[in-house]
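Here the structure is laid out as structure tokens; the discussion comes afterwards.
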Amino acid sequence: MTLQIYNFMTRRKEEFRPVHEGFVGIYVCGPTVYGHSHIGHAKVYVSFDIMARYFRYLGYQVRYVQNITDVGHLTDDADEGEDKILRRARQERVEPMEVVQTYMRSFFEDMDALNVVRPDISPRATCHIPEQIELVEALLETGHAYEADGSVYFDVASWPEYGKLSGRKIEEQEEGARITINPDKKNPADFAVWKAAEKGHILRWPSPWGPGYPGWHLECSVMATKYLGQPFDIHGGGLENVFPHNESEIAQIEAATDERFCNYWVLNNMVTVDGVKMGKSLGNFVTIKEALSRHDPMTIRFFVLSSHYRSPTDFSEEALDAAGRGLERLYGSVQLLRERLRDADGEEVDPAWAQKFEEYRQEFVKVMDDDFGTPQAIALLFDLGREVNTLLNSGQPVSRATLEAIDGLYRELGGTVLGIIPDELVQQADSELVGGLVRMLIELRQQAREARDWEESDRIRDQLAQMGVMLEDGPQGTRWRLSH
RNA sequence: GGCGACGUAGCCAAGUGGAAAGGCAGCGGUCUGCAAAACCGCCAUCACGGGUUCAAAUCCCGUCGUCGCCUCCA
152 MTLQIYNFMT
162 RRKEEFRPVH
172 EGFVGIYVCG
182 PTVYGHSHIG
192 HAKVYVSFDI
202 MARYFRYLGY
212 QVRYVQNITD
222 VGHLTDDADE
232 GEDKILRRAR
242 QERVEPMEVV
252 QTYMRSFFED
262 MDALNVVRPD
272 ISPRATCHIP
282 EQIELVEALL
292 ETGHAYEADG
302 SVYFDVASWP
312 EYGKLSGRKI
322 EEQEEGARIT
332 INPDKKNPAD
342 FAVWKAAEKG
352 HILRWPSPWG
362 PGYPGWHLEC
372 SVMATKYLGQ
382 PFDIHGGGLE
392 NVFPHNESEI
402 AQIEAATDER
412 FCNYWVLNNM
422 VTVDGVKMGK
432 SLGNFVTIKE
442 ALSRHDPMTI
452 RFFVLSSHYR
462 SPTDFSEEAL
472 DAAGRGLERL
482 YGSVQLLRER
492 LRDADGEEVD
502 PAWAQKFEEY
512 RQEFVKVMDD
522 DFGTPQAIAL
532 LFDLGREVNT
542 LLNSGQPVSR
552 ATLEAIDGLY
562 RELGGTVLGI
572 IPDELVQQAD
582 SELVGGLVRM
592 LIELRQQARE
602 ARDWEESDRI
612 RDQLAQMGVM
622 LEDGPQGTRW
632 RLSH
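All residue numbers for the first sequence refer to the numbering used here, where the first residue is 152 and numbers rise by one.
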């Protein structure tokens with residue numbers, strides 16, 4: 152079995168074949184940095200983080216490119232309205248590049264919290280203006296674009312394949328659709344590849360057609376091919392961008408170069424809030440920072456991965472709470488395992504477990520190979536957890552080597568690939584002072600218990616519980632853990 | 001109006017032709033001084049109606065419902 156990926160272009164799962172053996176190039180549409188990132192961003196970038204991690208796990212050398220859009224997207228329409236970054240700059244009375252810098256930092260902060268590995272290249276649109284102008288020139292030369300009043304438009308009618316990704320035909324985009332009539336355009340579906348800057352538009356660059364700024368699809372076509380070549384392997388992004396953004400990306404570069412843009416289109420489904428799409432324009436979006444104020448970052452990541460990337464995810468506080476409790480269960484096994492590891496010995500791995508490790512690994516690869524089946528992969532970790540709990544609570548001696556091997560499996564599958572099991576769980580990383588104090592209280596409670604003073608022992612337990620320290624009595628003595 | 005996705009237990013969510021994963025919640029049990037944690041057990045005729053098939057949650061047709069795209073949005 153080899154890796155199968157659902158290719159949105161063909162609407163089928165296909166075996167993954169890289170352009171260059173052993174290498175994989177991934178481009179994912181990045182954020183426009185004019186506000187804090189929301190849960191929808193979390194789903195996309197966690198999803199593609201998993202893909203990058205899994206490719207690396209399989210031994211590929213990955214180049215993951217994710218742009219930063221710091222210019223050019225308008226508030227209303229492709230051609231009307233105000234640049235969102237400019238508007239924010241005006242509102243906050245700062246330079247546009249201060250807006251960009253602020254929210255770019257915010258974005259990476261959030262991604263770091265969610266344990267998303269940073270992209271290998273985070274190219275910015277404003278750093279690639281000359282390349283974008285070159286592509287516009289190429290489109291004019293090949294007759295796929297025309298100039299009008301300082302702006303340059305892509306001529307949709309000149310390229311019959313327009314619509315092949317989204318399954319749309321230009322003729323069908325008729326009444327009901329809100330297409331603004333722009334007298335400069337030959338066809339209402341034509342879109343700007345270069346836009347003349349009106350007076351007062353701060354973000355502007357000189358060009359053969361006068362001062363202006365790039366069209367809003369151009370940067371992705373240009374930066375993806377600049378860093379990954381053409382064709383490259385995987386283009387990713389959110390499903391809501393399939394039209395017109397992704398469609399236009401393809402049109403520009405393929406019309407200009409007469410060569411395929413990329414081989415696999417991988418688009419993730421959206422996040423809804425109580426069943427309704429979360430959107431900046433709807434004002435119902437939940438920022439990652441808000442979610443982080445109420446939930447552990449790993450809970451959010453776990454929540455995202457517990458549904459498939461191509462399924463819509465409905466965000467609710469209840470669902471997040473339930474995910475958090477599920478994750479706690481997973482951590483319980485790992486915690487117990489690592490505690491037991493502290494004073495275990497024995498050099499031999501239990502052969503029955505050696506067998507299990509192979510089975511879990513194989514099954515994990517099997518479900519991940521099927522279009523990145525993270526929900527099934529997580530289910531496997533729960534199965535493993537049950538077996539581990541049974542083993543560790545059985546009272547049987549378990550060799551150090553076996554415990555280490557189990558821990559290694561958690562680190563490999565849950566840590567390296569899924570990124571939901573940290574190398575150090577919170578309690579382990581906690582201060583020696585706290586640990587010492589808690590152990591002292593456990594000792595005092597133990598004395599009360601031995602004196603059958605249940606009132607006192609329960610008082611200690613209850614008060615610690617109120618502070619978030621949970622005590623658990625077992626045959627091996629009393630353990631403690633922090634509840635989140 | 002056009003295009004597309006989805007509808008699986010109280011909730012979240014896999015499974016896309018051959019005995020319905022997993023998690024949360026709930027119930028019963030084991031363990032415990034009592035708890036907690038853990039373990040064992042229980043808990044779904046897969047929106048509805050037809051059809052194809054030896055066999056359908058899975059394929060086809062229809063109905064109802066939810067959502068998305070067609071305007072910036074991850």
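For every residue, glycine included, the Cβ atom is placed at its ideal position computed from N, Cα and C. Predicted model only: the values in this text are computed from it and were never measured.
Where residue i falls: helix, strand or coil (DSSP)
i	result
Cys-413	strand
Thr-629	strand
Gly-327	For Gly-327, the predicted model reports a pLDDT of 39, less than 50, meaning its position is unreliable and no value from the coordinates is stated.
Trp-367	coil
Phe-466	strand
Trp-356	strand
Leu-622	strand
Gly-586	helix
Asp-227	Reliability of the predicted coordinates at Asp-227 is poor, the pLDDT of 46 falling under 50, and the value obtained from them is presented with this limitation in mind. Of the three classes helix, strand and coil, the one that applies to Asp-227 here is coil, per DSSP.
Gln-383	It is Phe, not Gln, that sits at residue 383 in the sequence shown. In this structure, Phe-383 counts as strand in the three-state DSSP scheme.
Leu-265	coil
Glu-166	strand
Ile-219	strand
Arg-603	coil
Gly-318	coil
Ile-611	helix
Gln-617	helix
Lys-440	helix
With 16 other Cβ atoms within 10 Å as the buried cut-off, status of residue i
i	result
Met-449	buried
Gly-173	exposed
Glu-594	exposed
Gln-614	exposed
Asp-522	buried
Lys-350	exposed
Glu-400	buried
Leu-302	A small correction: the amino acid at residue 302 is Ser; Leu does not occupy that position in the sequence shown. Buried, because 16 or more other Cβ atoms sit within 10 Å of the Cβ of Ser-302.
Arg-596	buried
Lys-164	exposed
Cys-371	buried
Cys-413	buried
His-637	Within the shown structure, residues of the chain are numbered from 152 to 635, placing residue 637 beyond reach of any answer.
Lys-337	exposed
Trp-504	buried
Sequence-distant residues of the same chain with beta carbon closer than 6 angstroms to residue i, five excluded per side
i	result
Val-500	Ala-552, Thr-553, Ala-556
Trp-356	Ile-280
Ser-484	Gly-536, Val-539, Asn-540
Lys-315	none
Gln-283	Pro-365, Leu-369, Val-373
Euclidean distance between Cα positions of residue i and residue j
i	j	result
Phe-199	Phe-206	11 angstroms
Ala-599	Leu-418	60 angstroms
Arg-238	Gly-186	11 angstroms
Leu-209	Leu-443	31 angstroms
Pro-334	Phe-342	12 angstroms
Val-516	Ser-608	48 angstroms
Ala-276	Tyr-304	19 angstroms
Glu-246	His-189	23 angstroms
Asp-230	Asp-520	Since pLDDT at Asp-230 reaches only 46, below the 50 mark, its modelled position is unreliable, and the value read off the structure follows with that caveat. Using only the alpha carbons, I get a separation of about 42 angstroms.
Ile-572	Ile-177	25 angstroms
Val-250	Tyr-297	33 angstroms
Lys-320	Pro-339	13 angstroms
Ser-457	Ser-358	48 angstroms
Arg-256	Leu-542	45 angstroms
Met-202	Ala-299	42 angstroms
Same chain only: Cβ atoms within 7 angstroms of residue i, ignoring 5 sequence neighbours per side
i	result
Met-618	none
Gly-497	Ser-550, Arg-551, Ala-552
Glu-260	none
His-295	Phe-305, Asp-306, Ser-309, Trp-310, Ala-406, Ala-407
Ala-348	Arg-355, Pro-362, Gly-363, Tyr-364
Tyr-196	Met-262, Val-267
Closer than 7 angstroms: residue i CB and nearest the ligand FAD heavy atom
i	result
Glu-441	Among the ligands in the structure shown, none appear at all, so the ligand FAD cannot be discussed.
Contacting residues, own chain, Cβ-Cβ under 8 angstroms from residue i (five flanking each side not counted)
i	result
Met-160	Lys-315, Leu-316, Tyr-415, Trp-416
Met-429	His-189, Ile-190, Gly-191, Met-421, Val-422, Thr-423, Asn-435, Phe-436, Val-437, Phe-466
Val-589	Leu-615, Val-620, Trp-631
Ala-470	Phe-454
Gln-212	Gly-173, Phe-174, Val-175
**Item:** Within the region 452 to 536, ranges of the alpha helix (DSSP H) (whole runs, at least 4 residues)
**Value:** Fully enclosed alpha helix (DSSP H) runs of 4 or longer: 468 to 493, 502 to 520.
**Every unbroken alpha helix (DSSP H) inside the region 168 to 198 [4 residues or more]** = Counting whole runs of 4 or more residues, the region 168 to 198 contains no alpha helix (DSSP H) stretch at all.
**Prompt:** Whole alpha helix (DSSP H) runs in the region 234 to 309 with 4 or more residues, listed along the chain?
**Reply:** For the alpha helix (DSSP H) assignment, the uninterrupted runs of no fewer than 4 residues enclosed by the region 234 to 309 are, from N- to C-terminal side, 235 to 243, 247 to 264, 280 to 292.
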